[in-house]
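*Asks:* Each residue of the sequence shown is one higher than the one before, counting from 580 in my numbering. One structure, pasted below without further comment.
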Amino acid sequence: MHLLSSLAVENDTKVVLVVLDGVGGLAGPEGKTSLEAAHTPNLDALAKSGVCGFHDPLAPGITPGSGPAHIGLFGYDPFQYLIGRGVLDTAGTPFVFEAGDMASRLNFATLAADGTISDRRAGRIPDEEGKRVTDLLAENIKEIEGVQVLLQHVKEYRAAAIFRGKKLDGRLCDSDPQKIGLKPLEVTPAEENPTSEAEEGARLANSFIARAKEVLAGEAKANFIMMRGFDIYDPLPNFSELFKWRACAVAAYPMYKGVAKLAGMRVIEEGQSTMEEELDLVEREFPNTDFLFLHIKKADSMGEDGNFQGKVEVIEHFDRLVPRLVDLKPDVLCITGDHSTPCSLASHSWHPVPICIAAKTARVDSCQTFGETSFLTGGLGRIKSTDVLPLLLAHAERLMKYGA
580 MHLLSSLAVE NDTKVVLVVL DGVGGLAGPE GKTSLEAAHT PNLDALAKSG VCGFHDPLAP
640 GITPGSGPAH IGLFGYDPFQ YLIGRGVLDT AGTPFVFEAG DMASRLNFAT LAADGTISDR
700 RAGRIPDEEG KRVTDLLAEN IKEIEGVQVL LQHVKEYRAA AIFRGKKLDG RLCDSDPQKI
760 GLKPLEVTPA EENPTSEAEE GARLANSFIA RAKEVLAGEA KANFIMMRGF DIYDPLPNFS
820 ELFKWRACAV AAYPMYKGVA KLAGMRVIEE GQSTMEEELD LVEREFPNTD FLFLHIKKAD
880 SMGEDGNFQG KVEVIEHFDR LVPRLVDLKP DVLCITGDHS TPCSLASHSW HPVPICIAAK
940 TARVDSCQTF GETSFLTGGL GRIKSTDVLP LLLAHAERLM KYGA
C-alpha cells in the first residue's frame, strides 16, 4: 500500500466501484448460476465493453467474512488489517469512538428454560423493538467496576457494546455457540498466553452478559444477549489521503458504512432503504467525489437464504438501474462482489468473484455476457482482491510510472 500511495497523483478522473454483495454463485438446477440465469442486458453490455475476470477475496480456498472482503477491495491487506465485527458495526452508526475503546457486536437472542439458545436472533425482532431493548440495557447498565458501558443499536436484533475507561485487549472469543440448542459460551481470551488486559476484558464482558440477563428477564423474545467480534478501535490508514482523492460511500447496512468510515471515506447516512434511493444518492454525490463506493446488499441475503430465484430477481433489479450509473460517465466503472454466496451452500464461500472494469483504457476481451462461465475467458484472469484498487487507479490514470 505504501508503494501505491507513493505513486498516486491527483487529476479530475472519477471512479465508481459497485459491490454486489455475495454476487458470485454456483450452478442451479438448470446448470446456470443466479448471475447467468438473470436477464441482464445492461450488465452484458458492460462486459462487452470492458475487461473481465475474477478476484479471490483472501486466498484460494479461504472463505471470507464481509469485513476482510471489503478491506481487500479497498487495497488494504485483509490479513494485516483484521477488524472485529464489533468495531465495524459500531463505526457504521453515529457513535463516535475514542482511542482505546473495546467494542463487541451484541446479538439479542432467546434463552430457553434449560439454559440453551433457542433463537440466535430473537425472532429477528424489528428495528423499533431492537432499539427499545438496547435502550433498556443502556438505562440499567451504565458501568461495570468503573468501566463505562456504552450501547448503540445497529439494526434489528443487532446492537454494539463499547467498554471505555480502562486499557483492555480485544483478543477475546465469542460467547455465541453458533447453533441453537447449545448453551452460550463464556467469553475467554483468544490467545494461549493472554495478556492481563485480555483477561480483564473477558471478565468485564461476562459480568455484562450476566447483568444483561437480569435486565432482560421479562422479555418474551430478546431475553438474552450474545457477544461476538471483540476488538479495540484503531482506524485504518486514511483512504482519501493515501490516494489523493475525495472518497464517498453509499451503503444501506451499518457494517459497510463502518468499514468505509474506518477507511476515512465520507459516508452518506440518510435515505438508503432501496436500490433506487441508493442510486439517487450516487447521482447527488457524484459531482463532488472522485471515488464512489456503492454497496448493494440483497443478493447476499438471498444467497444466504438459499433463494435462487430471489437472487436472480435482485440481480435483474440492479441491472435495470445500471444505465443510471453509465449515464454519469465515470472514467472507470467497476462492478464486482465482495465474495461469493452460492444459494446451494446458503453461506459465504471461497469461490472467486466475478469482476468487470469498464474504462476507455480497458483492453477489451472476448466476454459477451456478465457471468461466471463467460468470465473464465476474461482478460483479467484471476487476481487477488488487493489487485483491484491498483487497477482502478491505473485505469483512472492516477498512478505515476514506477522507476526510471
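The beta carbon of each residue, even a glycine, is placed where N, CA and C say it ideally should be. In this text the structure is predicted, and so the values were computed from the model without any measurement.
Can you tell me whether threonine 695 is helix, strand or coil according to DSSP?
*Replies:* In the structure shown, threonine 695 sits in coil (DSSP, three-state: anything other than H, G, I, E or B).
*Asks:* Who are the Cβ neighbours of asparagine 785 in its own chain at under 7 Å, not counting the five residues just before and after it?
*Replies:* Within the same chain, asparagine 785 has close Cβ partners Glu765 and Val766.
*Asks:* Go ahead and label glycine 760 buried or exposed: buried means 16 or more other beta carbons lie within 10 angstroms of its beta carbon, across all protein chains shown.
*Replies:* When all chains shown are included, glycine 760 counts as exposed.
*Asks:* So, at 8 Å on beta carbons, what are the nonlocal neighbours of glutamate 820 in its own chain, with the 5 sequence-adjacent residues on each side left out?
*Replies:* Gly843, listed in sequence order.
*Asks:* Just to confirm, is the Cβ distance from asparagine 621 to valine 901 under 8 Å?
*Replies:* The answer is yes: Cβ separation under 8 Å.
*Asks:* Indicate the three-state DSSP secondary structure (helix, strand or coil) for aspartate 869 in the structure shown.
*Replies:* Coil, per DSSP.
*Asks:* Is DSSP giving valine 766 helix, strand or coil here?
*Replies:* In this structure, valine 766 counts as coil in the three-state DSSP scheme.
*Asks:* Which same chain residues, not among the five before or five after histidine 930, have their C-beta less than 6 Å away from its C-beta?
*Replies:* The answer, listed in chain order, is Gly603 and Ser919.
*Asks:* Please determine if the segment 697 to 704 and the segment 745 to 759 are in contact, where contact requires at least 3 C-beta pairs separated by less than 8 Å.
*Replies:* With the cut-off at 8 Å, the segment 697 to 704 and the segment 745 to 759 touch.
*Asks:* Taking all protein chains shown into account, do 16 or more other C-beta atoms lie within 10 angstroms of the C-beta of phenylalanine 687, making it buried, or fewer, making it exposed?
*Replies:* Result: buried.
*Asks:* Please return the same chain residues whose Cβ sits closer than 8 Å to the Cβ of alanine 925, not counting the five positions on each side in sequence.
*Replies:* Excluding residues within five positions, the ones whose Cβ falls inside 8 Å are Gly882, Glu883, Asp884 and Gly885.
*Asks:* Strictly under 8 Å for the Cβ-Cβ distance: is valine 588 near chain D by that measure?
*Replies:* The displayed structure is made up of one protein chain only, and chain D is not part of it.
*Asks:* Between Ala973, Thr965 and Met979, which has its C-alpha nearest isoleucine 650's C-alpha?
*Replies:* Checked all of Ala973, Thr965 and Met979; the closest Cα to isoleucine 650 is Thr965.
*Asks:* Could you name the residues of the same chain whose beta carbon sits closer than 6 Å to that of leucine 968, not counting the 5 residues immediately before and after it, in chain order?
*Replies:* Excluding residues within five positions, the ones whose Cβ falls inside 6 Å are Gly654.
*Asks:* Provide the residue span of the alpha helix (DSSP H) that contains alanine 791, from first to last.
*Replies:* First-last of the alpha helix (DSSP H) with alanine 791: 775 to 794.
*Asks:* So threonine 669 is in the alpha helix (DSSP H); what residue range does that whole segment cover?
*Replies:* That run of the alpha helix (DSSP H) goes 664 to 670.
*Asks:* Is the segment 793 to 806 in contact with the segment 833 to 849, if contact means three or more CB pairs nearer than 8 Å?
*Replies:* Contact between the segment 793 to 806 and the segment 833 to 849 is absent, because fewer than three Cβ pairs lie under 8 Å.
*Asks:* Quick check: the Cα distance between leucine 978 and leucine 582, rounded to an integer number of angstroms?
*Replies:* Rounded to the nearest angstrom, the two C-alpha atoms are 10 Å apart.
*Asks:* Would the beta-carbon of aspartate 879 fall within 8 Å of that of aspartate 600?
*Replies:* Contact: yes.
*Asks:* Just the C-alpha distance for methionine 805 and valine 666, rounded to the nearest angstrom, thanks.
*Replies:* Computed Cα separation, rounded: 16 Å.
*Asks:* Excluding the 5 residues preceding and the 5 following asparagine 817 in the sequence, name in chain order all residues of the same chain whose CB lies nearer than 6 Å to its CB.
*Replies:* Gly843, listed in sequence order.
*Asks:* Is the beta carbon of alanine 740 closer than 8 Å to that of leucine 795?
*Replies:* Not a contact, by the Cβ cut-off of 8 Å.
*Asks:* Can you grab the Cα-Cα spacing for the pair alanine 937 / methionine 580, in whole Å?
*Replies:* Cα to Cα, alanine 937 sits roughly 24 Å from methionine 580.
*Asks:* Quick one: give me the first and last residue of the beta strand (DSSP E) that serine 683 is part of.
*Replies:* Taken as a continuous stretch (DSSP letters only), the beta strand (DSSP E) holding serine 683 covers 681 to 690.
*Asks:* Mind pulling the beta strand (DSSP E) runs of 3 or more residues that sit fully within the segment 829 to 886?
*Replies:* List check, beta strand (DSSP E) in window: 870 to 875.
*Asks:* Please report the distance separating the alpha-carbon of leucine 715 from that of aspartate 706.
*Replies:* Their Cα atoms are separated by approximately 14 Å.
*Asks:* Specify the secondary structure class of glycine 960 as computed by DSSP and reduced to three states.
*Replies:* If DSSP states are grouped into helix, strand and coil, glycine 960 belongs with the strands.
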